[in-house]
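Under the UniProt record's numbering, the sequence shown has 90 at position 90, and the numbering climbs by one with no breaks. Below is one structure, written out as structure tokens; the observations come after it.
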Amino acid sequence: MRFAAIADIHGNYPALDAVLADIAAQGITDIVNLGDCFSGPLEAGRVADRLLSLSIPTVRGNHDRYLIEQQPEEMHISDAAAYAQLGVVHLDWLRSLPVDLIYRDEVYLCHATPDDDNLYWLDMAVADGSVVLRPQAEIEALAAGIESPLILCGHTHIPRMAALSGGRLIVNPGSVGGPAYDDEKPYPHKVETGHAMASYAVLEKSTSGWTAQFRNIRYDNMAMSVLAATNGRPEWASALATGRMPQSY
1 MRFAAIADIH
11 GNYPALDAVL
21 ADIAAQGITD
31 IVNLGDCFSG
41 PLEAGRVADR
51 LLSLSIPTVR
61 GNHDRYLIEQ
71 QPEEMHISDA
81 AAYAQLGVVH
91 LDWLRSLPVD
101 LIYRDEVYLC
111 HATPDDDNLY
121 WLDMAVADGS
131 VVLRPQAEIE
141 ALAAGIESPL
151 ILCGHTHIPR
161 MAALSGGRLI
171 VNPGSVGGPA
181 YDDEKPYPHK
191 VETGHAMASY
201 AVLEKSTSGW
211 TAQFRNIRYD
221 NMAMSVLAAT
231 NGRPEWASAL
241 ATGRMPQSY
């Protein structure tokens with residue numbers, strides 16, 4: 001079994017297009033999507049049309065949830081920007097998405113963690129503002145009750161995998177469309193990949209078990225950086241240009 005996992009597109013259409021082309025070039029036809037599809041100051045409508053045409057297994061991310069649970073005037077600026085580009089059919093599709101699912105009877109999919117779509121699974125923010133690998137015991141605890149040999153999650157935008165007890169493997173494929181961001185909870189912190197490429201993962205099962213190959217794909221990131229700047233989001237412009245957040249904005 002061999003398939004691709006994508007996550008955290010955040011409305012970045014050229015990044016999604018480049019990733020889908022790379023997947024196809026490898027002869028891979030099966031793809032799963034781990035959520036946070038549209039939110040951001042980019043091209044949510046184009047991404048929505050493309051995703052709906054693909055009909056790939058998709059789970060709902062926290063920003064996907066905000067788009068269907070909150071009123072536009074209550075939304076964060078990134079969610080509101082995406083919402084303005086979406087139609088009824090796109091929002092109905094978001095409403096139809098499950099919070100988790102089992103793919104091909106042995107791969108568990110969720111956006112962040114099984115019980116909390118805002119909680120980092122493989123990483124954690126600490127008081128000094130850095131983001132570090134979560135302790136093994138905590139990763140294991142969050143996987144309690146999940147027997148699938150392969151577990152996939154997104155949310156942090158950082159490509160990462162960890163071995164779990166019983167031979168299980170948990171993989172975060174990284175972000176297709178957002179190589180850096182900052183957040184205030186639980187502590188102010190920055191998540192930065194340090195590059196501007198689109199990230200995804202190829203998962204493959206052999207007789208010895210599951211493996212993951214992380215892939216980073218170049219695309220016209222500067223066009224998206226300019227679009228973010230034009231839309232009044234200098235922090236997004238920096239992230240898309242460099243994979244790092246600006247010092248201040």
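Ideal Cβ placement from N, Cα and C applies to all residues, glycine included. Source: prediction; values computed, not measured.
Between the Cα of Ala144 and the Cα atoms of Gly154, Ile170, Gly129, Arg160, which residue gives the shortest distance?
Ile170
**Message:** Please tell me whether Leu16 and Val176 are closer than 9 angstroms, where the distance is taken between their beta carbons.
**Reply:** yes
- request: To the nearest angstrom, report how far apart Pro114 and His90 are at their CA atoms.
  value: 24 angstroms
Quick one: give me the first and last residue of the alpha helix (DSSP H) that Trp93 is part of. 88-96
Next item on the list: Indicate whether the contact test is met: 3 or more Cβ pairs, each with one atom in the segment 204-217 and one in the segment 228-236, closer than 8 angstroms.
Entry: no
### Message
In whole angstroms, give me the CA-to-CA distance for Gly194 and Val59.
### Response
27 angstroms
*asked:* Tell me which residue opens and which closes the alpha helix (DSSP H) that Leu227 is part of.
replied: 221-230
Please say whether Gly61 and Asp123 have beta carbons closer to each other than 9 angstroms?
no
Sub-9 angstroms separation of residue 283 and Ser78 beta-carbons: Look at the range of the chain in this structure, 1 to 249, and you will see that residue 283 is not part of it.
Review point. Beta-carbon separation of Ala4 and Leu203 under 9 angstroms?
Key: yes
Relative to the C-alpha of Ala228, which residue among Gly154, Val99, Trp93, Ala81 is closest?
Ala81
**Item:** beta strand (DSSP E) segments (min. 3 residues) lying fully within the segment 28-97
**Value:** 31-33
In whole angstroms, give me the CA-to-CA distance for Tyr66 and Ala25. 34 angstroms
Worksheet item: When you compare only the Cα positions, how much space is there between Ile139 and Gly243?
Response: 26 angstroms
Just curious, the alpha helix (DSSP H) that Trp210 is in, first and last residue? Segment 209-217 is the beta strand (DSSP E) holding Trp210; no alpha helix (DSSP H) there.
Please find out if some non-hydrogen atom of the ligand FAD comes closer than 8 angstroms to the beta-carbon of Ala201. In terms of ligand content, the structure shown is empty, and the ligand FAD therefore cannot be addressed.
task: Give the secondary structure of Leu109 by DSSP, where H, G and I count as helix, E and B as strand, and everything else as coil.
output: strand
message = In chain order, what are the residue ranges of uninterrupted beta strand (DSSP E) at least 3 long that sit wholly in the segment 3-28?
response = none
* If you draw a straight line from the alpha carbon of Gln247 to that of Met222, how long is it in whole angstroms? -> 19 angstroms
message = Using the three-state DSSP reduction, which class does Ser238 fall into: helix, strand or coil?
response = helix
### Task
Mind checking who Lys190 pairs with in its DSSP beta bridge?
Asp182
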